[in-house]
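Student: One structure is given below, represented as structure tokens, and several questions about it will come after.
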Amino acid sequence: MRSYTNKEGEVVEVSQEHLDIAVQLKRELQMASPSHRTNWVTHQRLMQAEGFYDSEFSENYRQMIKSYQVSTGTIESREKQADLVADSKLNSIKEAVGEMYFTKREVQMESLKLGRLKREMTLFGVIAEQVREALLTELNEIIPNYTYKDRLPTSAGRMVVLLSDWHIGATVDNVKGNSFNFKIAQARVSKYLTRIKKIANYEGITEIDVVCMGDMTEHIAMRKVNQAHEAEFPLAVQIVKAYELIRDFIVNLSDEFNVTYRGIGGNHDRMNGDKGDNIDGDSTIFVINFMVKEFVEKSKAERLSYVEVDHINYSTSFIVNGYQMKFVHGDNEKGNKKLASHADIDNTNYNVLAMGHLHHHSVKEVGQNKYEVYVGSLQGANNYAMKGKFLSNASQGIIIVNEIGEIDIKRIDLQNV
């Protein structure tokens, strides 16, 4: 039997069973953490789930458990703690991004050589652990009441809202008058929402399809430079903040519209910075999509719908009031007949091929009611664009097909906020 003084100043005696379960849960929580630290708030909740309501989140309680471990020889040395951190990686992958993704990756990796498998699993294990930690410390999951409004009547007109090249985590410091960081990204997204609502209400639209077109995270590691270089956050935090910004975006729209969400990946979203070594579909957008899907399903909001894209998160396509549209990131597009090439490969008569990647807006009419569309970036001008002499203001894009079948592809300028 041992005791501790609780927050109310009372002496609380705990049983031997309590101590044994407390130590077991502490070790399991340490194993699940990349820093090998115990989250004592979670520990108290788990103890209550085991039927022990005499634990608490306090220094006195923590010291009691530590003292018991010392007396029984169950507290680890620093060397043992380091070993446990390394051993915990693979188990934490499952918790970080879900059993589904872990199983998919297992199958994909069976065909890889052992050396490459080790590199990839180690990299992803670290990232998955960091994502899990970022979710615990960074995520703010609050659902406003308006999310639960009844679904609106379907309008004759429809709008496609394009999210492209947000590069969350990137920073720009006064390149040709443009600066960028997460705070500026939030302000530009807010301005985008305001413009979308104004246009949609003017057009009498209630149906909005949101398509995330890739490069939502910066992931500086793909540039073969230090991750800290020009990065506001590490990759794990980029993923969580990008998800939160996208989630808030679609939730905000659902106040006035019925909203669907689809998400495809870009080159900056690749988990492996080396394009040749990356596995198809292995990108941060998979994690973001998984989180959006879980949110939509658990919120049970009638105005929000999650729509799956292809199995490698490369593209998505659907019909908007008679217009067959396809959406890709754009980093793999070559030649002068991009829409025709996709039409041939898919055996589909596309009217619109929408792309991002190039950080500028353009619309090229390539046939009767056939368009190749490029969407700008949230980031705006940066050093890379300045060196390549293709500077462009921050912008995004929308596509409207009205009640009489007229299509309107708009650039939404977001530079000044």
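Under our numbering, read the sequence shown as residues 3 to 419, first letter to last. Every residue gets a Cβ at the ideal spot worked out from N, C-alpha and C, and that includes glycine.
#1: For the pair the stretch 211-223 and the stretch 186-203, tell me if three or more CB-CB distances fall below 8 Å.
#2: Give a yes or no on contact between the stretch 303-317 and the stretch 254-269, applying the rule of three or more CB pairs nearer than 8 Å.
#3: Kindly indicate the opening and closing residues of the alpha helix (DSSP H) around residue 69.
#4: Could you check where the beta strand (DSSP E) with residue 420 kicks off and where it finishes?
#5: Which residue wins for smallest C-alpha separation from residue 42, given the options 68, 147, 17, 18?
#6: Which runs of the beta strand (DSSP E) spanning at least 3 residues fall entirely within the stretch 295-327, listed in chain order?
#7: Figure out for me which residue from 416, 3, 4, 403 has the closest Cα to the Cα of residue 205.
#8: Is the CB-CB distance between residue 388 and residue 352 below 8 Å?
#9: For residue 265, which of 311, 51, 320, 347 has the nearest alpha-carbon?
#10: Below 8 Å between beta carbons: does that hold for residue 290 and residue 248?
#11: Among the candidates 255, 256, 219, 251, whose CA atom is the shortest distance from the CA of residue 238?
#12: Can you tell me whether residue 218 sits near the ligand ATP, meaning its C-beta is under 7 Å from at least one heavy atom of the ligand?
#13: Since residue 340 is in the alpha helix (DSSP H), which residue starts that stretch and which ends it?
#14: Quick test of the definition: if touching needs 3 or more C-beta pairs under 8 Å, does the stretch 174-191 touch the stretch 325-342?
#15: Grouping DSSP H, G and I as helix and E and B as strand, with all else coil, what is residue 57?
#16: Report the rounded CA-to-CA distance for residue 26 versus residue 293, giving the unit in angstroms.
#17: What residue from 165, 182, 167, 150 has the CA that sits closest to residue 173's CA?
#18: Whole-angstrom Cβ separation of residue 381 and residue 169, contact assumed at under 8 Å?
#19: If the criterion is Cβ atoms closer than 8 Å, does the pair residue 399 and residue 363 meet it?
#20: Are there 16 or more other CB atoms within 10 angstroms of the CB of residue 299, so buried, or fewer, so exposed?
#21: Check the DSSP bridge columns for residue 374 and list the partner residues they point to.
#22: Tell me which same chain residues have a C-beta within less than 6 Å of the C-beta of residue 405, skipping the five on either side of it?
#23: Quick check: what's the CA-CA separation for residue 49 versus residue 28?
#24: How would you call residue 410, buried or exposed, if buried means at least 16 neighbouring beta carbons within 10 angstroms?
#25: Just tell me which of 375, 74, 360 has its CA closest to the CA of residue 367.
#26: Roughly how many angstroms separate the alpha carbons of residue 70 and residue 148, rounded to a whole number?
#27: Residue 10 lies in the beta strand (DSSP E); which residues open and close that run?
#28: Below 8 Å on the Cβ atoms is my guess for residue 330 versus residue 317; work out the distance and round it to an integer in Å.
#29: I need the straight-line Cα distance from residue 65 to residue 287, nearest angstrom please.
#30: Expressed to the nearest angstrom, what Euclidean distance is found between the alpha-carbon atoms of residue 32 and residue 165?
#31: Quick one: give me the first and last residue of the beta strand (DSSP E) that residue 176 is part of.
#32: Give the DSSP bridge partners of residue 399, in chain order.
#33: Counting only runs that start and end within the stretch 180-206, where is the alpha helix (DSSP H) found for 4 or more residues in a row?
#34: By Cβ distance below 8 Å, which residues in the same chain neighbour residue 373 in space, the five residues on each side in sequence not counted?
#35: DSSP three-state call for residue 125: helix, strand or coil?
#36: Please classify residue 315: is it buried, with 16 or more other beta-carbons within 10 angstroms of its beta-carbon, or exposed?
Tutor: Judging by the given coordinates:
#1: Taking 8 Å as the limit for Cβ pairs, the verdict is that the stretch 186-203 does not touch the stretch 211-223.
#2: The stretch 303-317 is in contact with the stretch 254-269.
#3: Annotation for residue 69: the continuous alpha helix (DSSP H) segment containing it runs 61-74.
#4: This structure cannot settle anything about residue 420, because the visible part of the chain is limited to 3 through 419.
#5: Nearest C-alpha to residue 42: 68.
#6: The stretch 295-327 contains these whole beta strand (DSSP E) runs: 306-308, 317-322.
#7: Looking at the Cα atoms, 403 is the closest of the given residues.
#8: No, these two residues do not count as a Cβ contact at 8 Å.
#9: The candidate whose alpha carbon is nearest that of residue 265 is 311.
#10: In this structure, residue 248 lies closer than 8 Å to residue 290 by Cβ.
#11: Sorting 255, 256, 219, 251 by C-alpha distance to the C-alpha of residue 238 places 219 at the top.
#12: The ligand ATP is absent from the structure shown, which contains no ligands of any kind.
#13: Element bounds for residue 340: 340-348.
#14: Fewer than three beta-carbon pairs drawn from the stretch 174-191 and the stretch 325-342 are found closer than 8 Å, and the two stretches are therefore not classed as touching.
#15: Coil, per DSSP.
#16: In a straight line, the C-alpha of residue 26 is about 30 Å away from that of residue 293.
#17: Nearest Cα to residue 173 within the set 165, 182, 167, 150: 182.
#18: The C-beta distance from residue 381 to residue 169 rounds to 5 Å, short enough to meet the 8 Å contact threshold.
#19: Yes, Cβ-Cβ distance for residue 399 and residue 363 is below 8 Å.
#20: Residue 299 counts as exposed, since fewer than 16 other beta carbons sit within 10 angstroms of its beta carbon.
#21: Per DSSP, 355, 366.
#22: Within the same chain, and ignoring the five residues on either side of residue 405 in sequence, the residues whose Cβ sits closer than 6 Å to its Cβ are 158, 159.
#23: Residue 49 and residue 28 have their C-alpha atoms roughly 10 Å apart.
#24: Under the 10 Å beta carbon count, residue 410 is surrounded by fewer than 16 other beta carbons and is classified as exposed.
#25: Put simply, of 375, 74, 360 the residue whose alpha carbon is nearest the alpha carbon of residue 367 is 375.
#26: Here the alpha carbon of residue 70 sits roughly 50 Å from the alpha carbon of residue 148.
#27: From DSSP, residue 10 is part of no beta strand (DSSP E); its letter is neither H nor E.
#28: The beta carbons of residue 330 and residue 317 sit about 5 Å from each other, so the pair counts as a contact at 8 Å.
#29: In a straight line, the C-alpha of residue 65 is about 42 Å away from that of residue 287.
#30: Rounded to the nearest angstrom, the two C-alpha atoms are 38 Å apart.
#31: Run containing residue 176: 174-177, per the beta strand (DSSP E) assignment.
#32: Bridge partners of residue 399 according to DSSP: 164, 413.
#33: For the stretch 180-206, whole alpha helix (DSSP H) runs of length 4 or above, ordered along the chain, are 184-205.
#34: Taken in chain order, the residues that qualify are 341, 353, 354, 355, 365, 366, 367, 409, 411.
#35: Here residue 125 scores only 47 on pLDDT, less than 50, and its place in the model is too uncertain to base an answer on.
#36: Flag for residue 315 reads buried.
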